[in-house]
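Visitor: Chains as they are written, first to last, in my numbering: chain A, 1 to 364; chain B, 1001 to 1346. Ideal placement from N, C-alpha and C gives every residue a C-beta, glycine not left out. In this text the structure is predicted, and so the values were computed from the model without any measurement. Got a structure for you, written out below as structure tokens; questions coming shortly.
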């Protein structure tokens, strides 16, 4: 792949949404009684996106992957944390710098039936970003973008409206619109999940070509791990607003370490009847993202639960001694010598004296 | 004995330009306890087929020809009242969006109890409540939650409640239309697992309609591949995946990324299915097929039987001997797409 320079650095990004409440509750709150509730959609996410790299954000619905993606292109302002682009911290950036950033950060949405304005022709849809950013040579650029998106001949599509196009064609228009500004990176949120099977591969190969020919970095957001394996260099698995495992795609898919990642990958059906898949049932459902549990967020569903340390200490996403990927789990030894037991209330041996009857030693 | 026998079924939709032939001459059988997957892209007629079987075609839809024999009775000749009696009790359906299939103003328990009492008059409250509890346990829901309203359930729970309802009367045939498409993988896995274990327990057969080839690979005994209202290929799941004869099956199978493979060229079938109002003569897939000849465009293919498969392709023989690697190569399909690119515009 191309250069290894870091293009975008996400630093402890948090995005919390205030829970919508009735007017009586907000009145009570305004008198200073009670705290408002927040949905912790993204709760401390850090990663780097390198030049020319494709990164996949995976997880179940509600894990915060879309909110993370939208924050990356500044469709959300983070509650805390920051994004560093081109040595500029976006929280401190000037208006001109933000404008520059917006030109370089584009997004492709899931549903091409909703992401395109039904009253705008294909030409206007693709030309709009150029007008906003005051870029000349409009027609030639629009034409080039449509041609790249394999909408040929481009002129034929200029005056068409979205309703005249099929889903695959619409998604191609959305891709052309994202590319027309020549961005540095694109966030693609489930770019093919609304498309018919036979058309998916075509759009995927277009996206592939986009990364290769433009040297673009792409963040793919999807729940479909088979797809992410096909598209991405690296993966980050999210659970309840946090990244639980991050590293090279093949490593994570073939040798997942976090119990959640293991369950997630295990659940993916295989399009080959000859492959007998061992099925492990994961207990329970995704927890409450308003009233966040202490310690590890996955502990209640975890088959590897090892006692008080999981209850009390939030496992940091860090390099471990035994494998290539970063994992946020107390099961594995930190490569940096971090000891979660030191952070527990009481003595370091608190793990053994806990009232969990089935707690097993951490080194098991 | 086969439980369901669909013969030469034609389901049309009335449109202003004439009838759209959504299902056109489809025949197949479902044995007792058998799982059949129906795959194909949107508009291939798979959902229409299911709706025709359970008898919930929209007003514009009608059965033009053919028969649907269920346990010896022809469903197409029954009155609505007779069919209604069969629904839930003998044939039940799990629809794609459980969100819209449950009534928001009744609790889940009330809805299931209603279904039970309608079909089994005389069932007491106590008994039907007992059935609800059993079914909830079977699908992995807390029976105490049965008194909740649908909006209090998450998507996965609603889908499971739908399945509980579909199973409550132990039907002998279940139609599942994209039963897990709206769900996350973990939930999908759990539901599919439960469905097959329950099914084994009550020995019912199931028709699973989906676009997801991998779901079919894991849950079905046999597969029907549909294209533009017709069966393209049909047979045991292993043969369909290992040695298909129809280029469309080969293409569809190769269009899916496999999580177990690190690098894979995905295949893209360019173009769109034909109009069903005035379908082309000859093979319906000819326009998108990289191997199509004039014969394909003019003459409708007859069934080719081999290895337990029924394949509607003129060149099934040659695919078996020499053409398969050619059809299995994404490059072949790209070239075909490039060749037709100039002429595809309308």
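Report all residues from its chain with a CB closer than 8 Å to the CB of residue 1259(B); omit the five preceding and five following residues, and keep chain order.
Guide: none
Visitor: Using a beta-carbon distance below 8 Å, is residue 1189(B) in contact with chain A?
Guide: So yes, residue 1189(B) belongs to the interface.
Visitor: In whole angstroms, give me the CA-to-CA distance for residue 1086(B) and residue 229(A).
Guide: 45 Å
Visitor: Report the residue from 14(A), 142(A) and 321(A) whose alpha carbon sits nearest the alpha carbon of residue 69(A).
Guide: Considering only alpha carbons, the answer is 14(A).
Visitor: Over the uninterrupted beta strand (DSSP E) stretch that includes residue 1172(B), give me the two end residues.
Guide: Neither: residue 1172(B) is in no beta strand (DSSP E) and is coded neither H nor E.
Visitor: Could you tell me whether the Cβ atoms of residue 319(A) and residue 304(A) are closer together than 8 Å?
Guide: No, they are not a contact pair.
Visitor: Tell me the residue span of the beta strand (DSSP E) that contains residue 8(A).
Guide: 6-18
Visitor: Curious, which full-length beta strand (DSSP E) runs of at least 3 residues does the segment 235-281 of chain A contain?
Guide: Every beta strand (DSSP E) stretch that sits fully inside the segment 235-281 of chain A and reaches 3 residues is listed by chain position as 242-248.
Visitor: Whole angstroms are fine: how far does the CA of residue 261(A) sit from the CA of residue 213(A)?
Guide: 32 Å
Visitor: Mind checking residue 353(A): buried by the 16 CB within 10 Å criterion, or exposed?
Guide: Residue placement at residue 353(A) is flagged as unreliable, the pLDDT there being 42, under the threshold of 50; the coordinate-derived value follows with that caveat. When all chains shown are included, residue 353(A) counts as exposed.
Visitor: Check residue 1021(B) in the structure and name its three-state DSSP category.
Guide: strand
Visitor: Under a CB-based cut-off of 8 Å, is residue 1272(B) close to chain A?
Guide: yes
Visitor: With a threshold of 8 Å between beta carbons, is residue 1241(B) in contact with chain A?
Guide: yes
Visitor: Anyone know if the C-beta pair for residue 1226(B) and residue 1046(B) falls short of 8 Å?
Guide: It is a contact, given that the beta carbons lie within the stated cut-off.
Visitor: As a quick exercise: from 274(A), 287(A), 289(A) and 268(A), pick the residue whose alpha carbon is nearest that of residue 281(A).
Guide: 268(A)
Visitor: Would you mind working out which of 1230(B), 1217(B) and 1160(B) sits nearest residue 1035(B), comparing C-alpha positions?
Guide: 1217(B)
Visitor: Whose CA, out of 51(A), 270(A), 244(A) and 255(A), lies closest to the CA of residue 315(A)?
Guide: 244(A)
Visitor: Where does the unbroken beta strand (DSSP E) through residue 1195(B) begin, and where does it stop?
Guide: Careful: residue 1195(B) lies outside any beta strand (DSSP E), inside the alpha helix (DSSP H) at 1185-1202.
Visitor: Just to check my reading of the structure: residue 16(A) and residue 79(A) have Cβ atoms closer than 8 Å, yes? What is that Cβ distance to the nearest angstrom?
Guide: Confirmed, Cβ separation roughly 5 Å.
Visitor: Do you know offhand how far residue 300(A)'s Cα is from residue 1194(B)'s?
Guide: Cα to Cα, the separation comes out at about 22 Å.
Visitor: Quick one: residues in its chain with C-beta nearer than 6 Å to the C-beta of residue 104(A), no 5 flanking neighbours on either side, listed in chain order?
Guide: 183 and 184
Visitor: Would you call residue 87(A) buried or exposed, if buried means 16 or more other Cβ atoms sit within 10 Å of its Cβ?
Guide: Residue 87(A) should be labelled exposed.
Visitor: Where residue 1349(B) and residue 1002(B) are concerned, what is the direct C-alpha to C-alpha distance, given to the nearest angstrom?
Guide: What the structure shows of chain B is the stretch from 1001 to 1346, and residue 1349(B) is not part of that stretch, so it cannot be assessed.
Visitor: Measure the alpha-carbon distance for residue 1170(B) versus residue 1196(B) and round it to whole angstroms.
Guide: Between the alpha carbons of residue 1170(B) and residue 1196(B) lies a distance of about 14 Å.
Visitor: In chain order, what residues of the same chain have a beta carbon less than 7 Å from the beta carbon of residue 1241(B), not counting five sequence neighbours either side?
Guide: Cβ contact annotation for residue 1241(B) (same chain, cutoff 7 Å, sequence separation greater than five): 1217 and 1253, in chain order.
Visitor: Can you confirm whether the segment 111-119 of chain A touches the segment 36-46 of chain A when touching is taken to mean that 3 or more C-beta pairs between the two stretches lie within less than 8 Å?
Guide: no
Visitor: CB-CB under 8 Å to residue 253(A), same chain, minus the five flanking residues each way: which ones, in chain order?
Guide: 225, 229, 235 and 265
Visitor: Taking only beta-carbon atoms, is residue 277(A) less than 8 Å away from chain D?
Guide: Annotation note: the requested chain D is absent from the structure, which comprises protein chains A and B.
Visitor: At 3 residues or longer, and completely inside the segment 140-217 of chain A: list those beta strand (DSSP E) runs for me, N to C.
Guide: 185-189
Visitor: For chain A, is any of its Cβ atoms less than 8 Å away from the one on residue 1208(B)?
Guide: No, residue 1208(B) does not count as interfacial toward chain A.
Visitor: Exposed or buried, which one is residue 1070(B) when buried takes at least 16 other CB atoms within 10 Å?
Guide: In the assembly as shown, residue 1070(B) is a buried residue. Its beta-carbon has 16 or more other beta-carbons within 10 Å.
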